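Undergrad:
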DNA sequence: TTCTAGATTGGACATGTGTCCAGTCAGGTG
DNA sequence: CACCTGACTGGACACATGTCCAATCTAGAA
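Protein chains in written order, with this note's numbering: chain A, 44 to 231; chain B, 44 to 231.
(1) Name the two residues that bound the continuous alpha helix (DSSP H) containing residue 296 of chain A.
(2) The alpha helix (DSSP H) that contains residue 160 of chain B, what's its start and end?
(3) Select from the region 136-157 of chain B all residues with a C-beta closer than 8 Å to any C-beta belonging to chain A, and list them in chain order.
(4) Measure from the C-beta of residue 51 of chain B to each C-beta in chain A and report whether the shortest distance is under 8 Å.
(5) Check each candidate in A:229, A:157 and A:115 and name the one with the smallest Cα separation from residue 204 of chain B.
(6) My output table needs one value for residue 220 of chain B: the three-state DSSP class, helix, strand or coil.
(7) Whole angstroms are fine: how far does the CA of residue 71 of chain B sit from the CA of residue 187 of chain B?
(8) Below 8 Å on the Cβ atoms is my guess for residue 67 of chain A versus residue 109 of chain A; work out the distance and round it to an integer in Å.
(9) Find the residues of chain A that neighbour residue 167 of chain B, judging by a C-beta separation of less than 8 Å, and give them in chain order.
(10) So is residue 204 of chain B in contact with chain A if we call contact Cβ pairs under 8 Å?
(11) Are at least three pairs of beta-carbons, each pair with one atom in the region 137-152 of chain B and one in the region 105-123 of chain B, less than 8 Å apart?
(12) Mind listing the chain A neighbours of residue 105 of chain B? Cutoff is C-beta to C-beta under 7 Å, in chain order.
(13) With DSSP run on the structure shown, which of helix, strand or coil describes residue 184 of chain B?
(14) Quick one: does residue 124 of chain B have its CB under 8 Å from some CB of chain A?
(15) Go ahead and label residue 223 of chain B buried or exposed: buried means 16 or more other beta carbons lie within 10 angstroms of its beta carbon, across all protein chains shown.
(16) Does residue 225 of chain B come out as helix, strand or coil in the three-state DSSP assignment?
(17) Under 8 Å between C-beta atoms, does residue 199 of chain A make it to chain B?
(18) Counting C-beta neighbours from all protein chains within 10 Å, is the total for residue 58 of chain B 16 or more, i.e. buried, or is it exposed?
(19) For residue 187 of chain B, which residues in chain A fall below 7 Å Cβ to Cβ?
(20) Going by DSSP in three states, residue 60 of chain A sits in which element: helix, strand or coil?
(21) DSSP state of residue 156 of chain A, grouped into three classes?
(22) Mapping the DSSP letters down to three states, classify residue 230 of chain B as helix, strand or coil.
(23) When the cut-off is 8 Å and only beta carbons count, does residue 192 of chain A lie next to chain B?
(24) In its own chain, which residues sit with a C-beta less than 8 Å from the C-beta of residue 141 of chain A, not counting the 5 before and 5 after it?
(25) Do the region 209-222 of chain A and the region 127-142 of chain A meet, that is, are 3 or more Cβ pairs less than 8 Å apart?
(26) Drop a sphere of 10 angstroms on the beta-carbon of residue 130 of chain A, count the other beta-carbons inside from all chains shown, and report buried for 16 or more, exposed for fewer.
(27) Does the Cβ of residue 124 of chain A have 16 or more other Cβ atoms within 10 Å, making it buried, or fewer, making it exposed?
(28) Rounded to the nearest angstrom, what separates residue 190 of chain B and residue 228 of chain B at their Cα positions?
(29) With a Cβ-Cβ cutoff of 8 Å, do residue 175 of chain B and residue 195 of chain B count as a contact?
(30) Please classify residue 125 of chain B: does DSSP put it in a helix, a strand, or coil?
(31) For residue 99 of chain A, which of helix, strand or coil comes out of DSSP?
(32) Between the Cα of residue 86 of chain B and the Cα atoms of B:120, B:65 and B:100, which residue gives the shortest distance?
(33) Please tell me whether residue 229 of chain A has its Cβ less than 8 Å away from any Cβ of chain B.
(34) Can you give the Cα-Cα distance for residue 159 of chain B and residue 79 of chain A, rounded to whole angstroms?
(35) Once DSSP output is grouped into helix, strand and coil, what is the label at residue 116 of chain B?
(36) Check whether chain A comes within 8 Å of residue 101 of chain B, counting only Cβ atoms and requiring the distance to be less than that.
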């Protein structure tokens, strides 16, 4: 039995996974997602590659987990603003700012989420659900489902384009302001 | 000097590249983009891997070229419809139908276009430009730039979600009808 | 202290990826 | 005909990826 009161949290496994996450972020910033390998992350975290692979099925899985955690840090925030337009813009601006603050992670996660890897597929759904929730909350109760879907799709599209380098994450915030306004126009 | 009047078109190189494209499509349908390798495509086309690599820098480059050609087949079509909404829906429906008809190619191209490969980056811009053109033509002259961008982003987002398997390409057509209507509402 | 279960490890393995290069081949040229 | 040139080829290379397993370590339980 574990001696720790909080089940599992203080376990050896939990400590190791934390070290791997931290090493992953550092490695991402320093060498980018192209050059990063699970082995390099393992080495930075001071564990063997075999150990790292017991935690992450693949490089893509690692990126997806890192992104999910990054997203979750911000999950409790309630969108601010007087009307739906302002609240939705608060959501997109906030996301864009956070992504701009971690460009390496943002660049890594876009291709990673497309992986057919089973662990990635699970996280992908969670992440998609989180986006949907945020927009739904910003819109309020009686929102037009087509409008909600338009927002989610436009946001996904912006993520994709930024991920491909067609626009920067800083641009993304501003451009989405206009796009959100255009979509919501006539949908009081 | 070449004996062929149409410069290069009848050259050996052009014939080989055609065979490689054809083999690539067959291989995609039969084994999917995961299992496909440049070597397997080369073998199917009856050329050596080394030869195939003189035409395509990577698997992703092959997918991007295949998709670009598939897109170009349809480039001259003028969007039909009385008003902007109908014309834009014609564009999205048409694309969705074509993608649904070649699911393996569609599944392959989404991750491929995210590659940092230089040849892919070139095609990515061309493909993005093509989408923009089609929506711009469907909207007509004096379109709101924010609306145009909203449409392109929503469409990109739909491609991404379908590419991830969150929706089918058949769904995509129907869902985009509603999304397009919602975006254009109030933008006569 | 001894035992035990879970965590970690080294290292080999099979596979894929893209590069490179010296050599061959075929068809048009002079 | 002999010659060239562009296309193609075989095969080796360096590297990354993810898997596997028997051996070892370590901290808490008895």
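Beta carbons are placed, not taken as given, at the ideal position from N, Cα and C, and that holds for glycine.
Remember, it's a predicted structure, so these values are computed and weren't measured experimentally.
TA: In terms of the structure at hand:
(1) Because chain A in this structure spans residues 44 to 231, residue 296 of chain A falls outside the shown range and cannot be described.
(2) Premise fails: residue 160 of chain B is in no alpha helix (DSSP H) and is neither H nor E.
(3) Listed by position, the residues of the region 136-157 of chain B near chain A (Cβ gap below 8 Å) are 153, 154, 156 and 157.
(4) Annotation note: pLDDT 46 at residue 51 of chain B (below 50); position unreliable, coordinate value reported separately. Using a CB distance cut-off of 8 Å, residue 51 of chain B does not count as an interface residue toward chain A.
(5) Selected option, being the one with the closest Cα: A:157.
(6) DSSP, reduced to helix, strand and coil, places residue 220 of chain B within a helical segment of the structure shown.
(7) Spanning the two alpha carbons is a distance of roughly 39 Å.
(8) So it is a contact: roughly 6 Å between Cβ atoms.
(9) Think of a sphere of 8 Å around the beta carbon of residue 167 of chain B: the chain A residues whose beta carbon falls inside it are 207 and 209, in chain order.
(10) With 8 Å as the cut-off, residue 204 of chain B counts as an interface residue toward chain A.
(11) A contact exists between the region 137-152 of chain B and the region 105-123 of chain B.
(12) For residue 105 of chain B, no chain A residue has a Cβ inside 7 Å of its Cβ, as the nearest lies near 17 Å away.
(13) Three-state DSSP puts residue 184 of chain B in coil, outside helix and strand.
(14) No, its Cβ sits nowhere closer than 8 Å to a Cβ of chain A.
(15) It is buried - the Cβ of residue 223 of chain B has at least 16 other Cβ atoms within 10 Å.
(16) If DSSP states are grouped into helix, strand and coil, residue 225 of chain B belongs with the helices.
(17) Judged by the 8 Å Cβ criterion, residue 199 of chain A is in contact with chain B.
(18) When all chains shown are included, residue 58 of chain B counts as exposed.
(19) The answer, in chain order, is 225.
(20) In the structure shown, residue 60 of chain A falls within a helical segment according to DSSP collapsed to helix, strand and coil.
(21) Secondary structure of residue 156 of chain A (DSSP, three-state): coil.
(22) DSSP places residue 230 of chain B in the coil class of the three-state scheme, outside both helix and strand.
(23) For residue 192 of chain A, the answer is yes, since a Cβ of chain B falls inside 8 Å of its Cβ.
(24) Here the set comprises 113 and 117.
(25) They touch, by the three-pair rule.
(26) Residue 130 of chain A comes out buried.
(27) Exposed, by the Cβ-count rule.
(28) Per the coordinates, the alpha-carbon of residue 190 of chain B lies some 10 Å from the alpha-carbon of residue 228 of chain B.
(29) For residue 175 of chain B and residue 195 of chain B, yes; Cβs fall inside 8 Å.
(30) DSSP places residue 125 of chain B outside both helix and strand once states are collapsed to three, so it counts as coil.
(31) Residue 99 of chain A: coil per DSSP, three-state reduction.
(32) With distances taken between Cα atoms, residue 86 of chain B lies closest to B:65.
(33) So yes, residue 229 of chain A belongs to the interface.
(34) Roughly 14 Å separates the two Cα atoms.
(35) Residue state, collapsed to three classes: coil.
(36) Output row for residue 101 of chain B: interface = no.
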